[in-house]
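S.K.: Here the sequence shown stands for residues 43 to 501, numbered as in our numbering. Built from N, CA and C at the ideal position, the CB exists for glycine as well. These numbers were taken from a predicted model, which means no experiment stands behind them. Would you mind keeping the following structure in view while I ask a few things?
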Amino acid sequence: MKDYYSFAHTTIGYSHISSKKPCQDYSIRFQNDVASVIVVSDGHGSSNFTRSDRGSKFACEVTMEAVNGFLQDLNLDKLEDESLRDDVVIQLCKHILLQWNTRVEEDVSNCPFTEAEVKKVADKYKAKYLNGDAVEHAYGCTLMFVIVTHDFCLAVRNGDGQCVTVDCDGSFATPIPWNDNCEFNVTTSLCDQEAIENFRYYYSTKLPAAVYIGSDGVDDSYTSVEELYNLYRNICLKALNDGGDAVTDYVEILLPEITKRGSTDDVSIAGLINPAMLEDAKTAMEIAIELRQMQLAEARREQQKRILIRDIKVAEKKMAKALAQRQDVRQKLHGMQVSQTSIFEQISIFRRNADACRENLASLVQEEKKLSDIVNGVDRDIVRLKSELLALEGGKEDVKMADSKAPLTIETVEGVGLEIDDLSGYDESDAVEPETEDASIEQDTEDEYAVQEAPADSE
43 MKDYYSFAHT
53 TIGYSHISSK
63 KPCQDYSIRF
73 QNDVASVIVV
83 SDGHGSSNFT
93 RSDRGSKFAC
103 EVTMEAVNGF
113 LQDLNLDKLE
123 DESLRDDVVI
133 QLCKHILLQW
143 NTRVEEDVSN
153 CPFTEAEVKK
163 VADKYKAKYL
173 NGDAVEHAYG
183 CTLMFVIVTH
193 DFCLAVRNGD
203 GQCVTVDCDG
213 SFATPIPWND
223 NCEFNVTTSL
233 CDQEAIENFR
243 YYYSTKLPAA
253 VYIGSDGVDD
263 SYTSVEELYN
273 LYRNICLKAL
283 NDGGDAVTDY
293 VEILLPEITK
303 RGSTDDVSIA
313 GLINPAMLED
323 AKTAMEIAIE
333 LRQMQLAEAR
343 REQQKRILIR
353 DIKVAEKKMA
363 KALAQRQDVR
373 QKLHGMQVSQ
383 TSIFEQISIF
393 RRNADACREN
403 LASLVQEEKK
413 LSDIVNGVDR
423 DIVRLKSELL
433 ALEGGKEDVK
443 MADSKAPLTI
453 ETVEGVGLEI
463 DDLSGYDESD
473 AVEPETEDAS
483 IEQDTEDEYA
493 VQEAPADSE
């Protein structure tokens, strides 16, 4: 259909580049005078689905073949009859599923699994793959495709990912009913035993101005469906402003940015755009984009406001805590200042006492020196006197002293030494001064204590 411009593009996920995993998405498009067809398949990322990149490629290829056969043999009346439509669509899905399983079996026959290939596969599947059992599980993938003819639009999905339609008035919708079996990281798949029951579809005789299908790597890169709609609005406006050829370049540049800043998963977008039908919606889409930008700006402001309010509350709590701690510190500081003043006063007293001690110590040192001089002098006198005493003993003189005040009697008796009877009454005041002139003991004949001459020995 020449009325529609078609494109299909796939980009490897940002995380797959770093982990050296293959791109597990695949997309394809087809267009002739009868119909325009777009197909996207997303291979499962778990290591158990070790050949999901081949599975997604097979899914797109057999779908395109099946759709061509479907269009050639189509009984339009049956499709338009609501009571018969389910059977018509189910037969198409069964044919796709049969052909996909056939391609999988042929691939395993031509290229059997190896030990190295199933190294990271869970034991539950490893033995089966090597034995050729349940091999379709290794090729697990989702599938979504859209057929637009002059008479109808048919969109079919098994798995996750979104189909988005755009009406002539610029309104957006996700028309394929959601399968509740797809939630969180779990999705239905062509490899499921009940795969045929998991197909969901949308049919309408009202043709869309544009229709897009994207893998979940695209959907997961946006926080809301409104942001996803804004992505497709920009693609529509690109087609209107720059022509269909510019869309391909735009999407090729856009997808690597989406995976890098978004899901980091493989990303695929395929689309059909009818510029003539979109023309009337151009103004509405431009307004919607501007409004969305305003909403996002307002949302950012609200977020910043919430962040500021949160930060203020946190700061207030910190300030209250700091004030309490400061009060505690001030009280401790005051106590320390009082203690410091008391200590300084005691230090002053200690210093005065130390100064007095130092003065007394100097005086005592001088006194000690004087006394040491006296002691040394007396010690010398004692030595001298002892020497004189020994000299007298050598002269065989007998010295007798009753007490310190008794007359000193020296008897010259041969064989008799000098005797000092009593020194108990000795007084240091009577000692001879150290500096007095040496003098020998003189006999004063006139003194009442004169030394009497000993009688001569008759012998």
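Considering Cα atoms alone, identify which of I295, D149, V228 and L320 is closest to S213.
M.R.: To locate residue 213, count along the sequence shown from 1; it is residue 171. Out of I295, D149, V228 and L320, L320 has the C-alpha closest to the C-alpha of S213.
S.K.: Classify V407: buried if its beta carbon has 16 or more other beta carbons within 10 angstroms, exposed otherwise.
M.R.: Locating residue 407 in the sequence shown gives position 365, counting from the first residue. Exposed, by the Cβ-count rule.
S.K.: Would you list the one or two residues that DSSP bridges to M319?
M.R.: Reading the sequence shown from its first residue, position 277 is the one you call residue 319. None, per the DSSP bridge assignment.
S.K.: With DSSP collapsed to three states, give me the class of N200.
M.R.: Counting from 1 along the sequence shown, the entry for residue 200 is found at position 158. N200 falls in the strand class under three-state DSSP.
S.K.: Since D258 contacts G182 with CB under 8 Å, what's their CB separation in whole angstroms?
M.R.: Residue numbering aside, residue 258 sits at position 216 when the sequence shown is read from its first letter. Residue numbering aside, residue 182 sits at position 140 when the sequence shown is read from its first letter. 14 Å between Cβ atoms; not a contact.
S.K.: Among S83, S231 and D353, which has the Cα closest to the Cα of M106?
M.R.: Numbered from 1 along the sequence shown, position 64 holds the residue referred to as residue 106. Of the listed residues, the one whose Cα sits closest to M106 is S83.
S.K.: Would you call W142 buried or exposed, if buried means 16 or more other Cβ atoms sit within 10 Å of its Cβ?
M.R.: Numbered from 1 along the sequence shown, position 100 holds the residue referred to as residue 142. W142 comes out buried.
S.K.: Go ahead and pull the three-state DSSP assignment for L365.
M.R.: Mapped onto the sequence shown, residue 365 falls at position 323. Here L365 sits in helix by DSSP.
S.K.: Tell me whether Q133 sits in a helix, a strand or coil according to DSSP, three-state version.
M.R.: If you number the sequence shown from 1, residue 133 lands on position 91. Note: Q133 maps to helix in three-state DSSP.
S.K.: Is it buried or exposed, N200, if we count other Cβ atoms within 10 angstroms and call 16 or more buried?
M.R.: Numbered from its first residue, the sequence shown carries residue 200 at position 158. Buried, because 16 or more other Cβ atoms sit within 10 Å of the Cβ of N200.
S.K.: Could you check where the beta strand (DSSP E) with L185 kicks off and where it finishes?
M.R.: Here residue 185 is taken as the residue at index 143 of the sequence shown, counted from 1. Here the beta strand (DSSP E) through L185 covers L185 to T191.
S.K.: Rounded to whole angstroms, how far is the Cβ of C210 from the Cβ of A197, which I believe are closer than 8 Å?
M.R.: Taking the first residue of the sequence shown as position 1, residue 210 is located at position 168. Taking the first residue of the sequence shown as position 1, residue 197 is located at position 155. Actually they are not in contact, since the Cβ atoms of C210 and A197 sit about 18 Å apart, beyond 8 Å.
S.K.: Which same chain residues, not among the five before or five after A176, have their C-beta less than 6 Å away from its C-beta?
M.R.: Your numbering for residue 176 matches position 134 in the sequence shown. The residues are K170.
S.K.: Secondary structure at E236, three-state DSSP: helix, strand or coil?
M.R.: One-based indexing of the sequence shown puts residue 236 at position 194. If DSSP states are grouped into helix, strand and coil, E236 belongs with coil.
S.K.: Short of 6 Å in beta carbon distance, which residues of its chain neighbour K324, apart from the five on each side in sequence? Order them along the chain.
M.R.: Against the sequence shown, residue 324 aligns to sequence position 282. Excluding residues within five positions, the ones whose Cβ falls inside 6 Å are L282.
S.K.: Using the Cβ count rule (16 or more neighbours within 10 Å means buried), how would you classify C399?
M.R.: In the sequence shown, residue 399 corresponds to position 357, counting from 1. Per the 10 Å Cβ criterion, exposed.
S.K.: Does the separation of the CB atoms of Q73 and S48 fall below 9 Å?
M.R.: To locate residue 73, count along the sequence shown from 1; it is residue 31. To locate residue 48, count along the sequence shown from 1; it is residue 6. Yes, the pair counts as a contact, with Cβ atoms nearer than the cut-off.
S.K.: Report yes if the CB atom of G55 is closer than 9 Å to the CB atom of S305, and no otherwise.
M.R.: In the sequence shown, the residue the question calls residue 55 occupies position 13. In the sequence shown, the residue the question calls residue 305 occupies position 263. In contact: G55 and S305 (Cβ atoms closer than 9 Å).
S.K.: Output needed for V253: all residues of its chain with C-beta closer than 6 Å, excluding positions within five of it in sequence on either side, in chain order.
M.R.: Within the sequence shown, numbered from 1, the residue matching residue 253 stands at position 211. Answer for V253: V188, T207 and L314, listed in chain order.
S.K.: Which runs of the beta strand (DSSP E) spanning at least 3 residues fall entirely within the region 374 to 451, listed in chain order?
M.R.: 439 to 442
S.K.: Would you report the Cα separation of K363 and K355, rounded to the nearest angstrom?
M.R.: In the sequence shown, the residue the question calls residue 363 occupies position 321. In the sequence shown, the residue the question calls residue 355 occupies position 313. Cα to Cα, K363 sits roughly 12 Å from K355.
S.K.: Am I right that I311 and V260 are in contact with their C-beta atoms under 8 Å? What's the rounded C-beta distance?
M.R.: The residue labelled residue 311 in the question sits at position 269 within the sequence shown. The residue labelled residue 260 in the question sits at position 218 within the sequence shown. Yes, they are in contact, since the Cβ atoms of I311 and V260 sit about 6 Å apart, within 8 Å.
S.K.: On the DSSP bridge list, what partners appear for R348?
M.R.: The sequence position of residue 348 within the sequence shown is 306, counting from 1. BP columns for R348 are empty, so no partner.
S.K.: Can you tell me whether DSSP reads I309 as helix, strand or coil?
M.R.: Along the sequence shown, read from residue 1 onward, the residue named residue 309 stands at position 267. Inspection of the sequence shows that residue 309 is occupied by Val rather than by Ile. Strand at V309.
S.K.: Take the Cβ of L140 as the centre, count every other Cβ of all protein chains shown within 10 Å, and call the residue buried at 16 or more, exposed below.
M.R.: The sequence position of residue 140 within the sequence shown is 98, counting from 1. Label assigned to L140: exposed.
S.K.: Excluding sequence positions up to five away, which residues of its chain have a Cβ less than 6 Å from the Cβ of H137?
M.R.: For the purposes of this step, residue 137 is taken as the residue at position 95 of the sequence shown. Around H137: A108.
S.K.: Output the boundary residues of the beta strand (DSSP E) element that contains A108.
M.R.: Residue mapping note: residue 108 aligns to position 66 of the sequence shown, counting from 1. Note, A108: premise wrong, no beta strand (DSSP E); alpha helix (DSSP H) at S94 to D115.
S.K.: In the DSSP assignment, the beta strand (DSSP E) including V243 goes from what residue to what residue?
M.R.: Position 201 of the sequence shown, counting from 1, holds the residue named residue 243. The identity of residue 243 in the sequence shown is Tyr, whereas the question assumes Val. That run of the beta strand (DSSP E) goes R242 to S246.
S.K.: Using the Cα positions of T301 and M361, report the straight-line distance between them to the nearest angstrom.
M.R.: For this step, residue 301 is matched to residue 259 along the sequence shown. For this step, residue 361 is matched to residue 319 along the sequence shown. Rounded to whole angstroms, T301 to M361 spans 43 Å at the Cα level.
S.K.: Name the one or two DSSP bridge partners that V206 has.
M.R.: Indexing the sequence shown from 1 puts residue 206 at position 164. Paired residues: Y254.
S.K.: Got a sec, what are the start and stop residues for the beta strand (DSSP E) I70 sits in?
M.R.: Residue 70 sits at position 28 when you count from the first residue of the sequence shown. Per DSSP, the continuous beta strand (DSSP E) segment holding I70 begins and ends at D67 to Q73.
S.K.: Are T92 and L297 closer than 9 Å when you measure CB to CB?
M.R.: Here residue 92 refers to the residue found at position 50 of the sequence shown. Here residue 297 refers to the residue found at position 255 of the sequence shown. Not closer than 9 Å, so no.
S.K.: What does DSSP give as the partner residues of H58 in its beta bridges?
M.R.: Locating residue 58 in the sequence shown gives position 16, where the first residue counts as 1. Bridge partners of H58: none, in fact.
S.K.: Can you list, in chain order, the residues of its chain with a C-beta nearer than 6 Å to that of F112? Leave out the 5 residues immediately preceding and following it.
M.R.: On the sequence shown, position 70 is the one that residue 112 refers to. When the five nearest sequence neighbours on each side are left out, the beta carbons in the same chain lying within less than 6 Å of the beta carbon of F112 are those of L134, in order along the chain.
S.K.: Please classify F155 as buried or exposed, where buried requires at least 16 other C-beta atoms within 10 Å of its C-beta.
M.R.: In the sequence shown, the residue the question calls residue 155 occupies position 113. So F155 counts as buried.
S.K.: Under a Cβ-count criterion, where at least 16 other Cβ atoms within 10 Å of its own Cβ denotes burial, should G436 be classed as buried or exposed?
M.R.: For this step, residue 436 is matched to residue 394 along the sequence shown. Classification for G436: exposed.
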